[in-house]
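Okay, structure first, notes after.
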Amino acid sequence: MYKKFIGLSVIASLTACGVLPTERLAPDEEAVVVGAAVRRNFTPLEPAFTCLADNLRQQRRPAIGIAVGDVKDYTGKYNQNEGNAITQGGALMAYSALGKLGDVVQLHERFDTRIGELELAYTDRRQLGDGQPHAVESGKPPVAWVPYFGGSILGSQYYVIGGITEVNYDIQSGGADVSVSNVGGKRRTYTMNIGVDLRLVDTRTLLVVKTVSLQKQIKGEEVGVGVYRFFGSELLDLTVGAKRQEPLQLGVRTTIEQGILELVAAVGKVDVKPCLELAADQRKATVQAKVVVPVQAPAAPVALAAAPVVSASKVLAAGTPLLDATSTQSGQVPQNAGASQQDAGYDIEFDVASAAISPRVMSLIDKIVSDAALGKRVSYKLLSRDSEVYPPMQRDELINQRLHTVSDLLVARGVQAARISVTWRPEPTDGKIFRYENGLQLLARISLWQ
């Protein structure tokens with residue numbers, strides 16, 4: 399009986415470890431499991447997209463018109479129970495990758511044009527209206543249908559086509575499984591890879607401008623321990639372990655993204671290698687250091703004033719001059735939009751991955767303190783190089799440390815902490831880059847209220 403109690407206790411403790419948070423969404427419904435929040439789907443190549451877009455923008459050339467054809471799965475890997483092993487959305491991933499380049503690329507829809515073609519057919523039959531009267535002929539009453547004179551569809555310059563051509567399982571595996579008296583453990587590692595072939599085609603001539611063939615290895619591991627023992631007439635069989643693998647479809651997305659970078663760089667006549675090296679260096683720094691911040695911890699951190707932090711969408715809705723004319727009218731902030739320079743105040747720039755204050759910035763701190771002592775309403779912005787690209791949560795942590803670094807210096811020089819209010823900063827899950835002038839990005843806006 400005692401051994402049974404031990405076994406049941408172990409099972410109960412293991413079950414308790416796996417409890418997930420739940421939430422009851424309606425009074426008459428059962429509670430449902432609530433997982434992680436939705437976030438932007440970023441990849442390790444985000445810094446490379448920022449870098450390439452900057453290089454293309456410096457050429458001051460018109461946006462490159464690019465469409466995407468069918469980027470198919472050609473591997474033929476299919477399981478009757480689980481379906482296709484490889485994503486069927488390669489074209490969608492390619493479109494999203496091109497969108498990360500912002501205004502240097504003009505995207506043309508060619509993958510699914512059914513709605514556009516249908517509405518053009520309605521227009522041709524004089525069935526499509528927009529709720530407004532239109533004058534078609536002089537001296538005749540206006541009509542309710544939208545007139546069409548042709549030429550509204552813009553032509554593309556290039557299009558991307560290709561497919562996912564390889565998926566090779568278990569190209570390398572290894573590990574150990576050791577057991578002594580039916581008590582032991584195991585550790586196994588395995589590696590597979592996928593391959594992608596893409597090409598960029600001139601739309602008018604159908605000449606292939608550039609081809610790329612890329613592959614990426616996907617790694618995984620499995621660990622576990624187990625006990626299989628008889629205690630008299632009682633049997634104890636206990637196995638504990640874990641298995642994890644790099645997401646396969648994320649590997650496909652990342653490979654397609656690098657292909658897009660190389661194709662666009664080729665037609666834009668820029669070198670993409672430094673941008674890929676920048677992304678690799680930042681990824682290595684993020685994995686190894688988890689954002690290294692060389693700043694001394696303050697003895698007593700100053701809590702910023704309890705003013706509400708305004709998200710980017712709310713700031714735009716309120717009409718605050720956050721973005722310039724390149725922003726969208728819908729209020730959504732594109733990754734490569736520029737920040738407005740109409741806001742007066744001081745610009746406090748930080749080095750990449752650092753919350754330390756430089757001597758030049760220290761002089762700005764002294765000016766802020768001087769203005770605040772005169773009772774003026776002072777504002778300042780936190781900036782860093784736009785090549786500093788981290789996952790949203792890590793960037794948010796670094797912004798917090800930079801905010802406290804500046805506020806601690808201000809309070810140490812006599813500024814009341816209650817006067818310091820954060821008026822805007824990116825949301826913790828927002829991965830967009832808010833561009834400023836001279837290759838900088840905007841991290842936060844702060845005001846010293848009277």
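Quick note on my numbering: the sequence shown kicks off at 399 and runs consecutively. Ideal Cβ placement from N, Cα and C applies to all residues, glycine included. As the structure is a computational prediction, the values presented were derived from the model and not from experiment.
Can the beta-carbon of residue i be found closer than 8 Å to that of residue j?
{"i": "proline 445", "j": "glutamine 680", "result": "yes"}
{"i": "isoleucine 658", "j": "valine 558", "result": "yes"}
{"i": "valine 544", "j": "threonine 521", "result": "yes"}
{"i": "lysine 617", "j": "threonine 652", "result": "no"}
{"i": "valine 466", "j": "alanine 429", "result": "no"}
{"i": "leucine 598", "j": "tyrosine 556", "result": "yes"}
{"i": "threonine 601", "j": "glycine 553", "result": "yes"}
{"i": "isoleucine 484", "j": "valine 650", "result": "yes"}
{"i": "aspartate 595", "j": "glycine 560", "result": "yes"}
{"i": "valine 436", "j": "glutamate 421", "result": "no"}
{"i": "leucine 443", "j": "glutamate 675", "result": "no"}
Less than 7 Å between C-beta atoms, sequence neighbours within five positions excluded: which residues of the same chain meet that for residue i?
{"i": "leucine 762", "result": "Tyr744, Ile746"}
{"i": "glycine 573", "result": "Lys584, Arg585, Arg586, Thr587"}
{"i": "valine 670", "result": "Leu450, Leu659, Glu660, Ala663"}
Can you list, in chain order, the residues of its chain whose CB lies under 6 Å from that of residue i, leaving out five sequence neighbours each side?
{"i": "serine 845", "result": "Ser777, Ser819, Thr821"}
{"i": "glycine 666", "result": "Leu454"}
{"i": "alanine 434", "result": "none"}
{"i": "arginine 843", "result": "Lys779, Thr821, Trp822"}
Just the C-alpha distance for residue i and residue j, rounded to the nearest angstrom, thanks.
{"i": "alanine 533", "j": "tyrosine 546", "result": "12 Å"}
{"i": "glycine 548", "j": "glutamine 486", "result": "34 Å"}
{"i": "asparagine 591", "j": "glutamine 615", "result": "4 Å"}
{"i": "leucine 505", "j": "lysine 475", "result": "31 Å"}
{"i": "lysine 538", "j": "proline 531", "result": "12 Å"}
{"i": "leucine 841", "j": "glutamate 660", "result": "30 Å"}
{"i": "glutamine 570", "j": "valine 804", "result": "51 Å"}
{"i": "glycine 481", "j": "glutamate 835", "result": "49 Å"}
{"i": "proline 460", "j": "valine 502", "result": "7 Å"}
{"i": "lysine 641", "j": "glutamate 619", "result": "6 Å"}
{"i": "valine 767", "j": "proline 672", "result": "41 Å"}
{"i": "glycine 622", "j": "lysine 584", "result": "5 Å"}
{"i": "threonine 473", "j": "leucine 496", "result": "24 Å"}
{"i": "arginine 775", "j": "tryptophan 847", "result": "6 Å"}
{"i": "aspartate 794", "j": "arginine 800", "result": "10 Å"}
{"i": "arginine 758", "j": "aspartate 806", "result": "17 Å"}
{"i": "alanine 701", "j": "alanine 815", "result": "Legend: pLDDT at alanine 701 = 44, less than 50; position of this residue unreliable, value from coordinates given subsequently. If I take the Cα positions, the gap works out to 7 Å."}
{"i": "aspartate 769", "j": "valine 809", "result": "14 Å"}
{"i": "glutamate 427", "j": "leucine 418", "result": "18 Å"}
{"i": "glutamate 644", "j": "alanine 678", "result": "17 Å"}
{"i": "methionine 760", "j": "serine 782", "result": "16 Å"}
{"i": "arginine 797", "j": "serine 756", "result": "Correcting the residue identity first, residue 797 is isoleucine in this sequence and not arginine. Isoleucine 797 and serine 756: Cα-Cα distance of roughly 16 Å."}
Taking the DSSP output, what are the residues bridged to residue i?
{"i": "methionine 590", "result": "Ile616"}
{"i": "valine 576", "result": "Gly583"}
{"i": "histidine 802", "result": "Answer by DSSP bridge pairing: none, since histidine 802 is not bridged."}
{"i": "valine 606", "result": "Val599"}
{"i": "threonine 420", "result": "Val431"}
{"i": "alanine 640", "result": "Val621"}
{"i": "tyrosine 778", "result": "Tyr744, Ile844"}
{"i": "glutamine 570", "result": "Thr589"}
Among the residues of its own chain, which have a CB less than 8 Å from the CB of residue i, if the five just before and after it don't count?
{"i": "aspartate 528", "result": "Val544"}
Do residue i and the ligand ATP come close, with the Cβ less than 7 Å from some heavy atom?
{"i": "histidine 532", "result": "In the structure on display, the ligand ATP does not appear, and there are no ligands present to speak of."}
Quiz item: Which parts of the stretch 515 to 547 are runs of the beta strand (DSSP E), unbroken and 3 residues or longer, counting only runs that do not cross its ends?
Solution: 527 to 532, 541 to 543
Quiz item: In chain order, which continuous runs of the beta strand (DSSP E) of length 3 or greater are located wholly inside the stretch 428 to 503?
Solution: 462 to 471
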